[in-house]
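Enquirer: So that we are looking at the same thing, I have put the structure below in structure tokens.
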Amino acid sequence: MKPISAKTWSLGEIVELLGGEVLCDAELRVSQIASLEQAQACHISFLTGGRFLKKLEQSAAGAVIVGKDMRDASDRPRIVCNNPYAYFARVSALLNPEPAVKAGVHASAVIDPGVKIADSASIGPFVHIGADCVIGDGVVIGAGCVIGASVVIGAQCRLYPRVVIYHGCQLGERVILHSGAVIGADGFGLAHENGRWLKIPQIGRVLIGDDVEIGANTTIDRGALEDTVIEEGVKLDNQIQVAHNVRIGAHSAMAGCVGIAGSAKIGRHCTVGGAGMILGHLEIADNVQISSGTLITKSIHKPGAYTSAMPFSAHDVWLKNAAHLRHLDAMAQKIQGLEKKINELEKKSS
Amino acid sequence: MKPISAKTWSLGEIVELLGGEVLCDAELRVSQIASLEQAQACHISFLTGGRFLKKLEQSAAGAVIVGKDMRDASDRPRIVCNNPYAYFARVSALLNPEPAVKAGVHASAVIDPGVKIADSASIGPFVHIGADCVIGDGVVIGAGCVIGASVVIGAQCRLYPRVVIYHGCQLGERVILHSGAVIGADGFGLAHENGRWLKIPQIGRVLIGDDVEIGANTTIDRGALEDTVIEEGVKLDNQIQVAHNVRIGAHSAMAGCVGIAGSAKIGRHCTVGGAGMILGHLEIADNVQISSGTLITKSIHKPGAYTSAMPFSAHDVWLKNAAHLRHLDAMAQKIQGLEKKINELEKKSS
Amino acid sequence: MKPISAKTWSLGEIVELLGGEVLCDAELRVSQIASLEQAQACHISFLTGGRFLKKLEQSAAGAVIVGKDMRDASDRPRIVCNNPYAYFARVSALLNPEPAVKAGVHASAVIDPGVKIADSASIGPFVHIGADCVIGDGVVIGAGCVIGASVVIGAQCRLYPRVVIYHGCQLGERVILHSGAVIGADGFGLAHENGRWLKIPQIGRVLIGDDVEIGANTTIDRGALEDTVIEEGVKLDNQIQVAHNVRIGAHSAMAGCVGIAGSAKIGRHCTVGGAGMILGHLEIADNVQISSGTLITKSIHKPGAYTSAMPFSAHDVWLKNAAHLRHLDAMAQKIQGLEKKINELEKKSS
Chain A
251 MKPISAKTWS
261 LGEIVELLGG
271 EVLCDAELRV
281 SQIASLEQAQ
291 ACHISFLTGG
301 RFLKKLEQSA
311 AGAVIVGKDM
321 RDASDRPRIV
331 CNNPYAYFAR
341 VSALLNPEPA
351 VKAGVHASAV
361 IDPGVKIADS
371 ASIGPFVHIG
381 ADCVIGDGVV
391 IGAGCVIGAS
401 VVIGAQCRLY
411 PRVVIYHGCQ
421 LGERVILHSG
431 AVIGADGFGL
441 AHENGRWLKI
451 PQIGRVLIGD
461 DVEIGANTTI
471 DRGALEDTVI
481 EEGVKLDNQI
491 QVAHNVRIGA
501 HSAMAGCVGI
511 AGSAKIGRHC
521 TVGGAGMILG
531 HLEIADNVQI
541 SSGTLITKSI
551 HKPGAYTSAM
561 PFSAHDVWLK
571 NAAHLRHLDA
581 MAQKIQGLEK
591 KINELEKKSS
Chain B
251 MKPISAKTWS
261 LGEIVELLGG
271 EVLCDAELRV
281 SQIASLEQAQ
291 ACHISFLTGG
301 RFLKKLEQSA
311 AGAVIVGKDM
321 RDASDRPRIV
331 CNNPYAYFAR
341 VSALLNPEPA
351 VKAGVHASAV
361 IDPGVKIADS
371 ASIGPFVHIG
381 ADCVIGDGVV
391 IGAGCVIGAS
401 VVIGAQCRLY
411 PRVVIYHGCQ
421 LGERVILHSG
431 AVIGADGFGL
441 AHENGRWLKI
451 PQIGRVLIGD
461 DVEIGANTTI
471 DRGALEDTVI
481 EEGVKLDNQI
491 QVAHNVRIGA
501 HSAMAGCVGI
511 AGSAKIGRHC
521 TVGGAGMILG
531 HLEIADNVQI
541 SSGTLITKSI
551 HKPGAYTSAM
561 PFSAHDVWLK
571 NAAHLRHLDA
581 MAQKIQGLEK
591 KINELEKKSS
Chain C
251 MKPISAKTWS
261 LGEIVELLGG
271 EVLCDAELRV
281 SQIASLEQAQ
291 ACHISFLTGG
301 RFLKKLEQSA
311 AGAVIVGKDM
321 RDASDRPRIV
331 CNNPYAYFAR
341 VSALLNPEPA
351 VKAGVHASAV
361 IDPGVKIADS
371 ASIGPFVHIG
381 ADCVIGDGVV
391 IGAGCVIGAS
401 VVIGAQCRLY
411 PRVVIYHGCQ
421 LGERVILHSG
431 AVIGADGFGL
441 AHENGRWLKI
451 PQIGRVLIGD
461 DVEIGANTTI
471 DRGALEDTVI
481 EEGVKLDNQI
491 QVAHNVRIGA
501 HSAMAGCVGI
511 AGSAKIGRHC
521 TVGGAGMILG
531 HLEIADNVQI
541 SSGTLITKSI
551 HKPGAYTSAM
561 PFSAHDVWLK
571 NAAHLRHLDA
581 MAQKIQGLEK
591 KINELEKKSS
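Chains as they are written, first to last, in my numbering: chain A, 251 to 600; chain B, 251 to 600; chain C, 251 to 600.
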């Protein structure tokens with residue numbers, strides 16, 4: 251766990267900044283946020299539902315964030331708010347500010363001529379920036395990042411070490427890219443000719459909206475002819491593969507290991523669980539939830555939750571059941587045959 | 251989309267270089283290639299099948315590439331050829347040439363003694379090349395690549411930024427490696443001894459044939475004792491994992507997120523859809539197509555298409571159906587019991 | 251295959267170091283290890299079970315490692331031991347020592363003030379190490395690695411080129427990290443508020459025990475509030491995703507493309523096959539084996555093997571069978587209906 255920050259905050263100061271109501275002791279000072287189980291007297295914790303009341307009772311937390319429905323669930327110092335989980339996120343950001351970054355370009359960086367870098371930006375060691383890029387205010391580019399020619403990076407973006415952005419791609423403001431992410435590599439575009447694969451030049455770009463976060467080692471390919479587009483507020487976890495010409499609608503979120511095949515169009519406010527896969531050229535409506543491990547093979551036009559996962563069982567039990575999966579059609583035909591015979595027997599006996 | 255290139259081509263010039271026949275206006279000049287929907291008067295587009303005829307009719311494209319069967323499908327300026335999709339790939343390459351790369355070794359690169367680098371090769375900033383490597387004519391090595399000792403890179407290979415090649419691996423000619431690819435890391439070789447795992451040295455190499463392309467963040471492990479081999483013309487998309495001792499036959503292509511376990515032998519001209527998985531020590535014949543999301547658990551000796559994907563449904567429907575998957579064997583036995591009873595009833599009633 | 255090492259070993263010298271018993275010719279010298287199929291007279295090979303006896307007979311290997319039960323399976327020079335596969339691993343390590351690494355910090359590396367680096371450590375070109383790190387004895391950090399502030403790296407760790415470790419993470423001793431691995435990126439922690447995602451600061455760390463090996467492009471996220479923990483002796487293959495707050499118990503091993511969702515707790519001595527997935531907040535007991543391609547959706551409290559893979563078939567056969575998966579519940583109800591009718595018929599006929 252992070253060392254306790256030097257600066258402490260009183261509950262009153264927190265509420266002044268973030269809203270909500272303090273009950274019991276506005277002067278109480280906290281120095282870090284922690285789960286109910288781990289919290290000590292110097293910590294503020296949070297209660298996200300009635301089923302954690304027992305844990306709250308046993309917690310050593312000095313203070314707690316609760317929802318309005320839990321206003322009287324405890325008599326310890328507390329902050330009452332509408333959305334305790336979101337409030338917790340804001341308190342944590344307050345108590346754990348990003349370390350200050352020194353503006354300027356590290357002496358070892360190699361910056362091509364014609365690049366425009368804001369004075370407030372910070373460019374780390376061993377960064378290479380290609381010709382004609384534009385790097386906005388307050389941008390932080392970590393060590394070893396490589397930015398191709400003509401890339402535009404909006405204000406307050408943060409690139410962790412060893413991100414690659416290919417030529418021509420554009421990032422909005424406040425975009426976060428984690429290490430190993432590769433933005434704008436060639437899409438998998440091939441034409442078949444006489445038993446060989448012919449590469450199709452990938453001349454589109456990747457366009458990324460404001461407030462997008464992209465996880466470690468996630469890859470987003472440039473478009474074949476048009477652009478690949480990640481709209482504002484999209485959150486992608488680690489090791490996600492987004493193929494060429496995909497569009498992901500605003501405020502959609504996808505967990506680790508998801509794959510989106512070429513030209514798929516995902517709606518706004520969608521979620522995809524870990525290792526979910528969406529085939530190419532499909533359209534997914536707004537507000538669709540796709541479960542972990544689910545393969546989407548047809549377009550989805552209605553909001554709702556969709557699943558295709560095969561349930562697991564002990565291996566020997568699985569062996570017995572799985573064998574029948576290869577004979578379901580035969581099984582269905584047997585049932586049909588039985589129905590027919592029974593009908594005949596019923597006729598005879600009636 | 252890519253800015254329109256400065257240079258324009260007449261249809262006549264294109265046909266002179268790439269073959270085919272011009273109809274209507276050989277003098278018409280085009281500056282970029284585009285889809286039927288996006289194309290403007292200065293663009294050439296392409297028709298890959300009769301089902302796009304409506305789009306062709308509505309397209310503003312100045313010219314179009316069509317197959318011989320579609321020779322008279324339009325009266326606009328057009329190029330008639332055998333394989334319009336492959337022709338489109340070639341026209342796009344013509345209109346979008348790779349930007350010229352400056353030969354030479356960047357001042358910041360660290361090159362070990364004994365490395366042989368062709369004069370026409372281009373080595374970017376922050377590249378490290380280990381002892382005794384051989385770098386061929388026209389090779390481009392992007393910023394931040396790291397090449398282990400005794401690696402051989404054939405003529406005209408292109409390594410995008412931040413590729414790693416471990417010691418001793420070999421690339422043929424015209425190989426393309428995208429950013430984040432790791433070639434030749436240790437295979438996952440472990441011996442079990444007294445409850446602990448003992449590392450087995452991985453002393454094989456990775457050998458990659460001519461005209462192979464490997465996607466961003468794809469990993470290909472070195473062999474345990476013998477070599478891992480990727481034959482000529484193989485195309486691998488992003489985030490593919492190829493384990494030790496695998497052999498992938500010539501001109502096979504695999505989409506993103508595929509995994510090939512150790513010592514699997516894949517035939518020639520195979521395709522694997524996204525997130526397909528092939529278990530270890532299996533043999534897959536030539537001309538096998540494996541569907542997206544399919545797990546191959548046994549060798550495949552016959553060409554053809556193979557699938558194992560579980561169909562998705564709305565989550566509540568899935569819940570109802572999936573529960574039975576754990577009881578298929580019981581279901582099969584029930585059916586058998588019913589058949590027996592019906593046989594008895596039939597005997598009685600006859 | 252690796253060139254034959256200059257140094258040769260006699261069987262007697264090997265047994266003196268690694269134990270076991272030599273039969274037939276202790277003076278015989280071998281220079282490399284090889285499979286039964288590939289071995290020549292200068293090679294030592296190994297027999298891991300009776301089913302390979304035919305191969306042993308046909309092998310040109312000069313010597314062979316056999317188990318005690320196979321002591322007399324051949325009359326060629328041989329070493330008899332308890333666990334021939336583990337013995338093979340040890341002989342291979344003997345014959346293929348890691349190349350010596352030069353201690354010291356490469357002139358191009360950028361090391362922040364306050365970093366403590368052991369004299370025997372080797373820091374490669376273009377490495378960046380943040381403030382207050384501690385780098386132990388004999389550590390090797392390959393070219394282009396980036397180490398965040400306050401990271402502790404134990405003795406004899408090896409980081410291959412282009413590894414990233416975020417601030418505050420800790421490695422035990424003899425940890426191996428392959429290229430492209432990212433340790434300690436932010437977990438995927440989001441709170442939902444008014445249709446937007448709010449980032450939850452990830453203030454935990456990643457703690458990695460002794461003798462852990464982590465594959466190429468594998469990602470292990472830092473904890474949200476507490477730490478992500480990889481216990482001693484764990485072996486992770488390539489392209490594995492370990493989410494925040496996960497704990498993996500000692501001596502567990504996972505093959506490529508596995509995903510472990512947030513806060514899952516995996517026991518000791520577990521194995522997960524390629525592309526296995528474990529959902530968040532689950533607990534997996536010690537000594538559990540999860541098959542390749544299996545999705546674990548509930549906690550597992552009993553040791554044993556577990557599977558959920560859908561069997562593959564030829565695509566047209568699959569089409570016929572898979573259609574019924576969406577109607578299993580209807581099928582089960584039909585069977586129930588038939589049972590009822592037959593019971594009635596039986597009553598009537600009796």
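C-beta: ideal position from N, C-alpha, C; glycine also.
Quantities reported herein were computed from a predicted structural model and do not represent experimental measurements.
So with Cβ pairs under 7 Å, would you call residue 318 of chain C a contact of chain B?
Expert: Not an interface residue.
Enquirer: Measuring straight from C-alpha to C-alpha, what distance separates residue 251 of chain C and residue 292 of chain C?
Expert: Per-residue confidence for residue 251 of chain C stands at a pLDDT of 46, beneath the threshold of 50, marking its modelled position as unreliable; no derived number is given.
Enquirer: By the DSSP assignment, the beta strand (DSSP E) with residue 687 of chain C in it spans what residues?
Expert: This structure does not reach residue 687 of chain C, given that chain C is present from 251 up to 600, and the question cannot be answered.
Enquirer: What are the boundary residues of the alpha helix (DSSP H) that residue 202 of chain A is part of?
Expert: Residue 202 of chain A cannot be examined here, being either before or after the span of chain A that is shown, 251 to 600.
Enquirer: Step through the CB atoms of chain C and report whether any lies within less than 7 Å of the CB of residue 571 of chain A.
Expert: By this cut-off, residue 571 of chain A is not an interface position.
Enquirer: Run through DSSP, which three-state label would residue 423 of chain A get?
Expert: The answer is coil: DSSP assigns residue 423 of chain A none of H, G, I, E or B.
Enquirer: Please name the residue, chosen from A:443, A:415 and A:358, that lies closest to residue 436 of chain A on a Cα-to-Cα basis.
Expert: Among A:443, A:415 and A:358, the Cα nearest to that of residue 436 of chain A is on A:415.
Enquirer: Identify whether residue 372 of chain A lies in helix, strand or coil by the three-state DSSP scheme.
Expert: Three-state DSSP puts residue 372 of chain A in a strand.
Enquirer: Short of 6 Å in beta carbon distance, which residues of its chain neighbour residue 426 of chain A, apart from the five on each side in sequence? Order them along the chain.
Expert: Cβ neighbours of residue 426 of chain A beyond the five flanking positions: 408 and 463.
Enquirer: Across which residues does DSSP place residue 442 of chain A in a beta bridge pair?
Expert: For residue 442 of chain A, which the question treats as bridged, DSSP gives the partners A:447.
Enquirer: Please look up how many angstroms separate the CB atoms of residue 389 of chain A and residue 368 of chain A, rounded, as I've assumed it's under 8 Å.
Expert: That pair is a contact at about 7 Å.
Enquirer: Determine, using beta carbons only, whether residue 447 of chain C comes closer than 7 Å to chain B.
Expert: So no, residue 447 of chain C is outside the interface.
Enquirer: By a C-beta neighbour count over all protein chains shown, 10 Å radius and 16 as the cutoff for buried, is residue 264 of chain A buried or exposed?
Expert: Under this definition residue 264 of chain A is a buried residue.
Enquirer: Just the chain C side, please: which residues come within less than 7 Å of residue 346 of chain B by C-beta, in chain order?
Expert: In chain order: nothing, as chain C lies at least about 29 Å away.
Enquirer: Taking 7 Å as the threshold (beta carbon to beta carbon), is residue 483 of chain C in contact with chain B?
Expert: Taking Cβ atoms only, chain B reaches closer than 7 Å to residue 483 of chain C, which makes this a yes.
Enquirer: Using the three-state DSSP reduction, which class does residue 585 of chain A fall into: helix, strand or coil?
Expert: If DSSP states are grouped into helix, strand and coil, residue 585 of chain A belongs with the helices.
Enquirer: From residue 577 of chain C to residue 513 of chain A, what does the alpha carbon distance come to, in whole angstroms?
Expert: Distance between the alpha carbons of residue 577 of chain C and residue 513 of chain A: 31 Å.
Enquirer: Only counting the same chain, and skipping five residues up and downstream in sequence, which positions put a Cβ closer than 6 Å to that of residue 524 of chain C?
Expert: The residues are 505, 506, 507 and 542.
Enquirer: Checking contacts by CB at 7 Å: is residue 595 of chain B closer than that to chain A?
Expert: True, the Cβ-Cβ gap to chain A drops below 7 Å.
Enquirer: Would you identify the three-state DSSP class for residue 560 of chain B, choosing helix, strand or coil?
Expert: Reduced to three states, the DSSP call for residue 560 of chain B is coil.
Enquirer: Can you pull the chain A neighbours of residue 561 of chain B, defined as C-beta to C-beta under 8 Å?
Expert: Correct list: 547 and 558.
Enquirer: Looking at the structure shown, is residue 578 of chain A part of a helix, part of a strand, or coil, going by DSSP?
Expert: Three-state result, residue 578 of chain A: helix.
Enquirer: Would you mind sorting residue 467 of chain C into buried or exposed? The rule is 16 or more other CB atoms within 10 Å of its CB.
Expert: By the 10 Å Cβ count, residue 467 of chain C comes out buried.
Enquirer: Taking residue 271 of chain B as part of the beta strand (DSSP E), name the residues at either end of that continuous run.
Expert: Taken as a continuous stretch (DSSP letters only), the beta strand (DSSP E) holding residue 271 of chain B covers 271-273.
Enquirer: Under 7 Å, Cβ to Cβ, is there at least one residue of chain A near residue 565 of chain B?
Expert: True, the Cβ-Cβ gap to chain A drops below 7 Å.
Enquirer: Taking contact to mean 3 or more Cβ pairs, one atom from each stretch, closer than 8 Å, check whether the stretch 469-488 of chain B and the stretch 473-484 of chain C are in contact.
Expert: They do not touch, by the three-pair rule.
Enquirer: Considering only the alpha carbon of each residue, which of B:364, B:365, B:370 and B:340 lies closest to residue 353 of chain B?
Expert: Among B:364, B:365, B:370 and B:340, the Cα nearest to that of residue 353 of chain B belongs to B:370.
Enquirer: Expressed to the nearest angstrom, what Euclidean distance is found between the alpha-carbon atoms of residue 300 of chain C and residue 553 of chain C?
Expert: Distance between the alpha carbons of residue 300 of chain C and residue 553 of chain C is about 29 Å.
Enquirer: Could you tell me if residue 434 of chain A is buried or exposed, where buried requires 16 or more neighbouring beta carbons within 10 angstroms of its beta carbon?
Expert: By the 10 Å Cβ count, residue 434 of chain A comes out buried.
Enquirer: Check residue 360 of chain B in the structure and name its three-state DSSP category.
Expert: Looking at residue 360 of chain B - three-state DSSP - the assignment turns out to be strand.
Enquirer: Report yes if the C-beta distance between residue 327 of chain C and residue 275 of chain C is below 7 Å; otherwise report no.
Expert: Yes, the Cβ-Cβ distance between residue 327 of chain C and residue 275 of chain C is below 7 Å.
Enquirer: For the stretch 460-482 of chain B, which residues have a beta carbon sitting closer than 8 Å to at least one beta carbon of chain C?
Expert: Listed by position along the chain: 467, 469, 471, 473, 475, 476 and 477.
Enquirer: Report yes or no: is there a C-beta of chain A within less than 7 Å of the C-beta of residue 282 of chain C?
Expert: No, because no Cβ of chain A sits closer than 7 Å to the Cβ of residue 282 of chain C.
Enquirer: Within its chain, find whatever has a CB closer than 6 Å to the CB of residue 290 of chain C; leave out the 5 residues flanking it on each side and keep chain order.
Expert: Excluding positions up to five away in sequence, the list reads 310.
Enquirer: Curious, which full-length alpha helix (DSSP H) runs of at least 4 residues does the stretch 446-507 of chain C contain?
Expert: If we require 4 residues or more, the stretch 446-507 of chain C turns out to have no alpha helix (DSSP H) run fully inside it.
Enquirer: Cβ of residue 591 of chain A less than 7 Å from any chain B Cβ?
Expert: Chain B, which has a Cβ nearer than 7 Å to the Cβ of residue 591 of chain A, makes this yes.
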